[in-house]
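Chains as they are written, first to last, in this note's numbering: chain A, 70 to 294; chain B, 70 to 294; chain C, 660 to 890; chain D, 660 to 890.
Quick look at the structure:
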């Protein structure tokens, strides 16, 4: 058995892998945290636009020093830029984009993902309240929802589960899961283990995954040198 | 008994009387036909803005010869202008203004008005269909609805009735009625005859009005020389 | 970047199949995509459902589409204008179905579809013929009609300018239903007077973001109802 | 023409009574009407309901209003940010009520109020804690939550420029909730960086028509969170 600890992907590596799935012509919404690292890994020739629910269609990278504009931020409240051909909209129009099926993909962090695609990412079960933000709207409305997270919780508990035990964000919406151990697709037949991190075996991934994984054809996550 | 025919107000005179009720600071929507004659009778020092449901806030008078713009029309499809400080909006925002209570007044033509303020102006009872346009939305949403019409139908039938017999446009919305014979207010106590045309008596107006009129204090419509 | 510019009128509209629901912009003449409509006429499709405010003028545009037998159903607010005699003739002959929708409700139903919502409660039409068969609900003591979303397979709209992303701006009252229809259709096809370079439209003033636009076709300026040069 | 320009901050906000519901614009720092909020703080009202996306930052703005005991209830989407420690402290002490609303639903509920509608059906929140106690309806095989309008007695918003009619334009992501809140309140009070003459705003690019604006107050440019000059 390999040493899992050393074979876990870094946050950058998870972002780089998720970036491979961002297709030419897509409009994508990125949740706060790890998903915001994705754009840096998308090749310049691939045309992917980013939507930020606070009213930005065509969000660009952080500004160069001296170009900061305090009125131009992302939903994660970081200073950003606008790409050529972008547009500003108000909040209601921005969520019309999100809920109306115009997002090709949303990449969101998650506490728990169930085998049926249930997404739980807004409130921990031991908390009486949470900060929902735009997560429920975006998760309910996107054509695809990618969950991006560590494979297990800090205490080692499985986050990919047969049935969710955490408060629901949106039911049956997750289409693919990117973790520090694997890439998993949510299908009508169940969870399909598509790829594992270099140095890990499919069985090692299954061992820390509560839901059963279909392992008919498991590849290895390609990592740039 | 006076000769009613000669004492009826002209269309211009009805418009001039209705114009007296347009208050400073109001935003007003004008239905097609007679109501569109009102703006010409509003004194220049009185600030009344006009809303046209096809996306104009701040509709101005017809253009001077040579200034016509085919892309600038009223809901009645006449060429118009835009006043300084006006704004263009799309159809949904325009009807948000109308339904959302931002119109201080709508002045609409009517086939029939009932004592409770029911407005009937979109379809005749012998027709299977009608052209509703924006009438139902505007009538339902305006703070006040003024009905502007001939007092009786061409065949002499009363148009101001105890209970409507025509298809409803909006229930209980009319607040005042301007006709070629009278000005009548719709109140919780019933219809109040406020003013009659010069040369007419209150009884003459009641005689061609199906609904009972309260005649406690009846004035005469002031007509400019 | 995906090329959204159609080089020919046929390229712009040819994907429209028989039986499609088309949202067609315009109020009066301003904002009517007359060139695109002619393109659809040339396809000679059958059984189209047309959603638009009016029922056509004279023998051109929507009236031509109706006259040539392409339209099975019309959803509009103002069908019985004098100039819509072609529609009246076919409707009287039982050859075209009609659904009348109050104008604000028509706009709002399309927006509802575009915003991914399942319906809305409106005071418009309460107690009228046009609310028959629809659910009525009372909220805080006031009655409302429950109205459903109205989506299009295609929107045919007209704008003033487009950039390569498909961002759009409009002219005056030619804006009308066009931005709403762009949101409400699976595929939005735009005719524009002119196209401009990326970044030539200020992102603060864009009315329709390009995300709602699939294809645009440049027509140049023309006057509706007049003979056009080859476009 | 009605004069909508307030010459002093007190004139702009003094009509706000105890117990009023205030819609307060902004997302993060952009678009937060910090000057107006300070003006409301100075009034020392009690029992206000505040509708806004966040729960305040540090000790200024909304956080100051909360800290000074003016707020009885907060309706927002994102209450538990680290920088909202003042809100957390008062909430833990049971001194402020909280209603969490998904961000898109929050915006849409205000638009619904502004558009004179009685509610809408949204897929957002179906099956979640936040749909508890709300009616669920199935339309064409899909479940939706019925959400009600959310109106304000006052909106406090921030814009970039105003003309004497109260027409507004915004800057970049400082637009956010502001135009929606302007529609949804009985009285809308705006702080603007600068005012311009009538006709200086192109009617094609106005985001909030003046019909939605009652009062504006000119603050000049300032950086939120920094010491301001007397405004």
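Beta carbons: idealized from backbone N, C-alpha and C, even for Gly.
Mind reading off the beta-carbon distance from residue i to residue j? Whole number of angstroms is fine, and I expect it under 8 Å.
i: residue 864 (chain D); j: residue 841 (chain D); result: No, residue 864 (chain D) and residue 841 (chain D) are not in contact; Cβ-Cβ is about 16 Å, not under 8 Å.
i: residue 58 (chain B); j: residue 107 (chain B); result: Past the boundaries of the shown model lies residue 58 (chain B); chain B is included only from 70 to 294, so the question cannot be answered.
i: residue 229 (chain B); j: residue 260 (chain B); result: 7 Å
i: residue 685 (chain C); j: residue 779 (chain C); result: Not confirmed; about 24 Å, so no contact.
i: residue 857 (chain C); j: residue 153 (chain A); result: 5 Å
i: residue 220 (chain B); j: residue 172 (chain B); result: That belief does not hold up - the Cβ atoms of residue 220 (chain B) and residue 172 (chain B) are roughly 25 Å apart, past 8 Å.
i: residue 354 (chain B); j: residue 774 (chain C); result: Any question about residue 354 (chain B) goes unanswered here, given that chain B covers just 70 to 294.
i: residue 182 (chain A); j: residue 246 (chain A); result: 6 Å
i: residue 284 (chain B); j: residue 248 (chain B); result: At roughly 16 Å, the Cβ-Cβ gap does not stay under 8 Å, so residue 284 (chain B) and residue 248 (chain B) are not in contact.
i: residue 876 (chain C); j: residue 825 (chain C); result: So it is not a contact: roughly 12 Å between Cβ atoms.
Give the single residue among the options whose Cα lies nearest to the Cα of residue i.
i: residue 168 (chain A); options: D:756, D:763 and D:828; result: D:763
i: residue 113 (chain A); options: A:174, A:204, A:143 and A:91; result: A:91
i: residue 174 (chain A); options: A:150, A:216 and A:185; result: A:216
i: residue 759 (chain D); options: D:742, D:771, D:749 and D:788; result: D:788
i: residue 123 (chain A); options: A:207, A:236, A:88 and A:183; result: A:207
i: residue 866 (chain C); options: A:117, A:151 and A:159; result: A:159
i: residue 727 (chain C); options: C:718, C:801, C:712 and C:856; result: C:718
i: residue 740 (chain C); options: B:157, B:203, B:238 and B:199; result: B:199
i: residue 287 (chain A); options: A:188, A:281, A:133 and A:271; result: A:271
i: residue 848 (chain C); options: C:677, C:678 and C:683; result: C:683
i: residue 843 (chain C); options: C:693, C:711, C:813 and C:874; result: C:813
i: residue 250 (chain B); options: B:268, B:256 and B:237; result: B:268
i: residue 819 (chain D); options: D:805, D:850 and D:756; result: D:850
i: residue 894 (chain C); options: C:724, C:692 and C:691; result: Because residue 894 (chain C) is not part of the residues shown, which for chain C are 660 to 890, the question remains open.
i: residue 117 (chain B); options: B:95, B:104, B:102 and B:105; result: B:95
i: residue 156 (chain B); options: D:828, D:749 and D:881; result: D:828
i: residue 701 (chain D); options: D:676, D:690, D:710 and D:687; result: D:676
i: residue 733 (chain C); options: C:800, C:742, C:710 and C:854; result: C:710
i: residue 880 (chain D); options: A:76, A:133, A:138 and A:115; result: A:138
i: residue 696 (chain D); options: D:757, D:815 and D:776; result: D:815
i: residue 252 (chain B); options: B:262, B:131 and B:82; result: B:262
i: residue 804 (chain D); options: A:82, A:232, A:205 and A:274; result: A:205
i: residue 211 (chain A); options: A:142, A:146 and A:166; result: A:166
What does residue i reach in chain D if we use C-beta pairs closer than 8 Å?
i: residue 778 (chain C); result: 779, 780, 796, 798 and 803
i: residue 236 (chain A); result: 787 and 788
So which residues of chain B does residue i contact, with C-beta pairs closer than 8 Å?
i: residue 695 (chain C); result: Those within 8 Å of residue 695 (chain C) in chain B number zero; the least Cβ separation is about 17 Å.
i: residue 842 (chain D); result: 165 and 169
i: residue 757 (chain C); result: 198
How would you list, in chain order, the residues of chain C whose beta-carbon sits under 7 Å from the beta-carbon of residue i?
i: residue 155 (chain A); result: 862
i: residue 807 (chain D); result: 798
i: residue 775 (chain D); result: 782
i: residue 137 (chain B); result: Within chain C, no residue comes near residue 137 (chain B); the closest Cβ sits about 11 Å away, beyond 7 Å.
Which residues of chain C have a Cβ atom closer than 8 Å to the Cβ of residue i, listed in chain order?
i: residue 116 (chain A); result: 660 and 661
Would a check of beta-carbon distances place residue i closer than 7 Å to chain F?
i: residue 834 (chain D); result: The question asks about chain F, but that chain is absent: this structure's protein chains are A, B, C and D.
Residues of chain B with CB closer than 7 Å to the CB of residue i, please, in chain order.
i: residue 683 (chain D); result: Ordered by position in chain B, no residue passes the 7 Å Cβ test against residue 683 (chain D), which lies about 20 Å from the chain.
i: residue 853 (chain C); result: Ordered by position in chain B, no residue passes the 7 Å Cβ test against residue 853 (chain C), which lies about 14 Å from the chain.
Could you tell me which chain A residues have their CB closer than 7 Å to the CB of residue i, listed as they occur along the chain?
i: residue 830 (chain D); result: 140
i: residue 812 (chain C); result: The contacting residues do not exist; residue 812 (chain C) stays about 14 Å from chain A at best.
i: residue 857 (chain C); result: 153 and 154
Who are the neighbours of residue i on chain A, taking C-beta pairs under 9 Å?
i: residue 848 (chain C); result: Under the 9 Å cutoff, chain A gives no residues; its nearest Cβ is about 16 Å from residue 848 (chain C).
i: residue 740 (chain D); result: 146 and 200
Just to make sure I have the definition right: I need the residues of chain D whose C-beta is within less than 7 Å of the C-beta of residue i. Which are they?
i: residue 146 (chain A); result: 687
Mind listing the chain A neighbours of residue i? Cutoff is C-beta to C-beta under 8 Å, in chain order.
i: residue 737 (chain D); result: 200, 201 and 202
i: residue 822 (chain C); result: 154
For a test of your reading of the model: does the CB of residue i fall under 6 Å from any non-hydrogen atom of the ligand ATP? Yes or no.
i: residue 254 (chain B); result: No copy of the ligand ATP occurs in the structure displayed, which carries no ligand at all.
Residue i versus chain C: which residues are under 9 Å apart at the beta carbon?
i: residue 128 (chain A); result: Ordered by position in chain C, no residue passes the 9 Å Cβ test against residue 128 (chain A), which lies about 11 Å from the chain.
- Item | Validate contact between the stretch 219–230 of chain A and the stretch 192–199 of chain A using beta carbons, cut 8 Å, 3 pairs | no
- For the stretch 790–801 of chain C and the stretch 124–144 of chain A, state whether three or more C-beta atom pairs, one from each stretch, are separated by less than 8 Å. no
- Query: At what residue ranges does the stretch 100–183 of chain B contain a whole run of the beta strand (DSSP E), taking only runs of 3 or more?
  - Reply: 118–121, 125–129, 150–157, 174–177 and 181–183
- For the 8 Å Cβ check, are there 3 or more pairs between the stretch 662–678 of chain D and the stretch 671–683 of chain C? no
- Query: If you scan the stretch 251–276 of chain B from start to end, which runs of the alpha helix (DSSP H) of 4 or more residues do you find wholly inside it?
  - Reply: 271–276
- Query: Counting Cβ pairs, one atom from each stretch, are 3 or more of them under 8 Å apart for the stretch 765–780 of chain D and the stretch 805–812 of chain D?
  - Reply: yes
- Taking only runs of the alpha helix (DSSP H) that begin and end inside the stretch 746–792 of chain C, which ones reach a length of at least 4 residues, in chain order? 762–773
- Only counting runs of 3 or more residues, tell me where the beta strand (DSSP E) segments fall wholly within the stretch 794–874 of chain D, in order along the chain. 795–798, 801–806, 811–821 and 844–854
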